[in-house]
Amino acid sequence: MPGGNLTINFGSSAAAGIRVELLEAEGKPIEGYTLDDCPEIFGDSIRHTVRWKRGGDVRSLEGRPVRLRFALRDADLYAFQFVPFQPDPVRPPRPKAVQ
1 MPGGNLTINF GSSAAAGIRV ELLEAEGKPI EGYTLDDCPE IFGDSIRHTV RWKRGGDVRS
61 LEGRPVRLRF ALRDADLYAF QFVPFQPDPV RPPRPKAVQ
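Note that my numbering gives residue 17 to position 17 of the sequence shown, counting from 1, and the numbers run on in steps of one.
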């Protein structure tokens, strides 16, 4: 598989969602990329980066054959794509309240 990040084009209601698991070619879940490691994704996006507890970086799997398992709960998956690596965005700290 190519390295980088996995992005999905999907849609779901707020009460639904998608989780993604990466598996070895034989079907065994890859540690760190299991369904349990993937927080449920909900909403509507044409390019959402899938993240697991360790983040969205899948470069360590580059060149390895993998399978993908998508667990959908009242959601629609339209497309998925491996894209060049982008680090997880760092959100700026919230400004302190003015008193």
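C-beta: ideal position from N, C-alpha, C; glycine also.
Asked                                                                                                                     : Found
Distance CB(N5)-CB(S45) smaller than 9 Å                                                                                  : no
Other residues of its chain near R73: CB distance less than 6 Å, five sequence neighbours each side excluded              : A16, G17
Chain-order list of residues whose beta-carbon lies under 8 Å from that of A79 (same chain, five-residue window excluded) : I8, N9
Alpha carbon of R19 to alpha carbon of G63, nearest angstrom                                                              : 23 Å
Per-residue burial, F42 [other beta carbons within 10 Å of its own, 16 or more giving buried]                             : buried
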